[in-house]
Structures are given as structure tokens and as C-alpha cells.
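Residue numbering for the sequence shown follows the numbering used here, starting at -15 and increasing by one per position.
Written below as C-alpha cells is the structure these notes are about.
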Amino acid sequence: MNVIVCIKQVPNTTNVQIDPENGRLKRDGVESTINPFDEYAIEEGVKIKERIGGKVSVVTMGPPQAESALREAVSKGIDEAVLVSDRAFGGADTLATSYTLSLAIKAIGYYDIIICGKQASDGDTAQVGPGIAEMLNIPHIAYVKKIEAVDDKLIRVERMMEDGYDLIESPVPVLLTVVKEINNPRVASLKGKMAAKKAVIKTLDAAAIGADIKKTGLNGSPTQVMKIFTPPKRVGGEKFVGKAQEVAAALVKRLSDIGII
Ligand SMILES: Cc1cc2nc3c(=O)[nH]c(=O)nc-3n(C[C@H](O)[C@H](O)[C@H](O)COP(=O)(O)OP(=O)(O)OC[C@H]3O[C@@H](n4cnc5c(N)ncnc54)[C@H](O)[C@@H]3O)c2cc1C
């Protein structure tokens, strides 16, 4: 069984700052970490390998410093780490990110299960997982909270819903996005930390994955951040007090004055 886990390096803060000039994430001076939901994706990938054997790879698209996130993943039992990095990938929206990651996954080679986190803590769109599945033309199941059964042909999972869960079967290959209810991520062992230090991180650029650079980074992003602002505080509503008939008349007059009726 070949599992590929997608992880994103995100700012280690609840206060994500966006540069108002260009709408991009402010990364300078902010410590980075693995996106919290991706910790569950890593753990589930390693658990599948422990359950039925195989290999687990991890992939991230990001700047060179994203290598530290990959090493951390290796410390938790991942076998192979791939950094997808090129200046041509900068400023990607979710479409361009999905395109680039889908090509990187094809370049890594054979895969049975791709696992993503439910969403990233900075972008927060939850679009990249389903986007990758579409571009690879494979099924996806979002919000997976339990893998009940899996082999090289079929997977059966519980998908979290507001009022319970759906039981879903899908052919393999499949992409899953996982929620935090799925497992308890392990802490890296000493052996894992040693392996992480020594791990050779494979780097793929645009040429290596055969990307059309018109479809990557800013060039391939039909959505752009035009403006970032804090919404103004809501002011309290207008109140009419008095006897019912007077209040109703005052309300009708007010609505009429402002052209609503
Ligand atoms: C309109 C718009 C414009 C944007 N413009 C810019 C910009 O100019 N510059 C900029 O830096 N960012 C920009 N972004 C943010 C950029 O889209 C995201 O960083 C990226 O596409 C991932 O989306 P997300 O954070 O919403 O991830 P989600 O879709 O919420 O992530 C879900 C899962 O997908 C996987 N995943 C997501 N991103 C990666 C990755 N890079 N590598 C590996 N796995 C991943 C992870 O498993 C993650 O848990 C923009 C976003 C939007 C919506």
C-alpha cells in the first residue's frame, strides 16, 4: 500500500497576518509549524503502513524552509519526504496549489491513498484536497473520522457529519481529508528524530514535475486577494418603544422613509 500525505507549513500563531500591500501571508519573523490537521494525516498514513504494510511519503509545496516540516514528519514514521519548490510556485491560490501538488504526486509515482488535512489553519479554505483529487481524476472523501477497513482495492470510512456520520465505501486510489477525531498523533521517538536528521529530502521544481508555469503560482491563480480588512463593528439596531399601535406606526414610517416599503 502506497500512501502519500500532503502537509502544509503554516505560521505557528492564531494571529495570521496578511500584508495589506499584496494580500500575501506575512511569513517573516513568524515561527512555522505543520498545519495542525496535517498532523492527523501523517499519523493516519503511518497507521495504515503499520496495519497492512507499504510505504508512506509526505509532500509539501512551499519555500525551502518548508524542509523543516518534512523532517518533522519523518521523525513520526514517514519513509520519504518531497519538497516541491520553485519561484514559479509563489503566490499560488488553491487552484494553482492543487495543480502543482497533483503533478508532484504523479511524479512521486504509484499511490493508493492520498491523505490531506481537513483544512489549513492559515488559508482555511479546505479546497486543496478535493482540488488535487479532481486533477488526478480520483474520488475523494472529506472529513474522514475513521478508517474502518482498507485493502488495495477498497476502503470503507466514516465521514463526520453534524448529526452523526456517513459510512462510505470507495475504490482505491482515493483521496481522504481527515478531521482531528480520527486519531491521536504520536510524539516523535528518539529513533525517529535521528532518522529525521539524516533523511534525504527530495526536491522537485517546476521542470521536474512537468508543470506548465502558466498554471502555477500567481500566473495560474484566477483568484487574487484584492483587499484585506477588519470588518467594521456592527452598531446596535434602532428600537421603537411604546404602545403597540404607536410602535407599529413609527416602524412603518421609518421603513418608508428609508425606502424599504
Ligand atoms: C483567493 C486566494 C488568493 C491567495 N493568494 C495567495 C498569495 O498571493 N500568496 C500566498 O502565499 N498565498 C495565497 N493564498 C493562499 C493559498 O491559496 C494557500 O496557501 C494554498 O492554496 C492552500 O490553501 P489553504 O491554505 O486554504 O489550504 P486548505 O485547502 O485549507 O488545505 C487543506 C489541506 O490541503 C493540503 N495542502 C494545502 N496546501 C498545501 C501545500 N502548500 N503543500 C502540501 N499540502 C497542502 C494539506 O493537507 C491541508 O491540510 C491565496 C488563497 C486564496 C483563497
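A virtual CB, placed ideally from N, CA and C, is assigned to each residue, including glycine.
Compare the C-alpha of residue i against each of the options and name the closest.
i: asparagine 19; options: Asp108, Lys39, Ala65; result: Asp108
i: threonine 187; options: Gln49, Val(-13), Asp12; result: Gln49
i: threonine -3; options: Ser105, Ser205, Ala195, Ala117; result: Ser105
i: isoleucine 97; options: Ala117, Ser205, Ala180; result: Ala117
i: asparagine 121; options: Gly176, Thr214, Leu159; result: Leu159
i: valine 209; options: Ala57, Leu174, Asp77, Ile89; result: Asp77
i: aspartate 135; options: Pro155, Leu151, His124, Pro169; result: Pro155
i: isoleucine 32; options: Asn203, Ile139, Thr207; result: Ile139
i: valine 162; options: Asp3, Val14, Ile26, Ser16; result: Ile26
i: leucine 239; options: Ile36, Pro123, Gly226, Glu222; result: Glu222
i: glycine 101; options: Asp196, Arg35, Cys(-10), Glu5; result: Cys(-10)
i: proline 169; options: Asp12, Asp63, Glu56, Val14; result: Glu56
i: glutamate 5; options: Asp22, Phe213, Gly243; result: Phe213
i: isoleucine 99; options: Glu146, Pro157, Met145; result: Pro157
Which residues in the same chain as residue i place their Cβ atom closer than 7 angstroms to its Cβ, once the five residues preceding and following it in sequence are excluded?
i: phenylalanine 224; result: Val231, Ala234, Leu235
i: isoleucine 166; result: Tyr24, Glu28, Val128, Lys129, Lys130
i: glycine 220; result: none
i: serine 205; result: Gly75, Ala76, Asp77, Leu79, Ala80
i: isoleucine 92; result: Ile(-12), Ser41, Val43, Val66
i: glycine 194; result: Leu87
i: asparagine 203; result: Ile197
i: aspartate 3; result: Lys10
i: glycine 226; result: none
Please tell me whether residue i and residue j are closer than 9 angstroms, where the distance is taken between their beta carbons.
i: lysine 60; j: valine -13; result: no
i: leucine 85; j: valine 42; result: no
i: phenylalanine 330; j: alanine 183; result: A question about residue 330 goes unanswered here, because the residues of the chain that appear run from -15 up to 245.
i: serine 52; j: glutamine -7; result: yes
i: proline 114; j: alanine 126; result: yes
i: proline 47; j: threonine 17; result: no
Quick check: the Cα distance between residue i and residue j, rounded to an integer number of angstroms?
i: tyrosine 95; j: lysine 137; result: 12 angstroms
i: alanine 192; j: arginine 143; result: 35 angstroms
i: lysine 181; j: valine 171; result: 16 angstroms
i: aspartate 69; j: proline 215; result: Checking the sequence, you will find serine at residue 69 rather than aspartate. Using only the alpha carbons, I get a separation of about 35 angstroms.
i: valine 30; j: lysine 217; result: 46 angstroms
i: valine 141; j: glycine 148; result: 13 angstroms
i: methionine 119; j: serine 173; result: 36 angstroms
i: methionine -15; j: isoleucine 36; result: 7 angstroms
i: isoleucine 197; j: arginine 71; result: 10 angstroms
i: methionine 45; j: glycine 201; result: 11 angstroms
i: aspartate 241; j: glutamine 103; result: 46 angstroms
i: glycine 243; j: alanine 228; result: 22 angstroms
i: aspartate 150; j: glycine 13; result: 43 angstroms
i: lysine 211; j: glutamate 34; result: 47 angstroms
i: isoleucine 245; j: phenylalanine 21; result: 49 angstroms
i: glutamate 146; j: alanine 110; result: 17 angstroms
i: glutamate 15; j: isoleucine 89; result: 27 angstroms
i: lysine 237; j: threonine 207; result: 44 angstroms
Between which residues of its own chain and residue i is the CB-CB distance below 6 angstroms, once the five residues before and five after are set aside?
i: valine 112; result: Thr78, Thr81, Ser82
i: histidine 124; result: Pro114, Ala117, Leu159
i: lysine 164; result: Tyr24
i: isoleucine 152; result: Ile125, Val141, Arg143
i: lysine 199; result: Tyr83
i: isoleucine 185; result: Glu51, Leu54, Ala65, Leu67
i: aspartate 63; result: Lys39, Val40
Please work out which residues of its chain come closer than 8 angstroms, Cβ to Cβ, to residue i, disregarding the five sequence neighbours upstream and downstream, and give them in chain order.
i: valine 58; result: Val42, Ala65, Gly176, Ala179, Ala180, Ala183
Where in the region 148 to 202 do unbroken runs of the alpha helix (DSSP H), each at least 4 residues long, occur, reported from the N-terminal end onward? 174 to 182
Note down, one range per segment and in chain order, each beta strand (DSSP E) of at least 3 residues found wholly within the region 16 to 98. 16 to 18, 39 to 45, 64 to 68
Start-end ranges of the alpha helix (DSSP H) lying completely within the region 99 to 132, minimum 4 residues: 112 to 120
For the region 199 to 227, which segments carrying the beta strand (DSSP E) assignment without a break, of at least 3 residues, lie completely within its bounds, in sequence order? none
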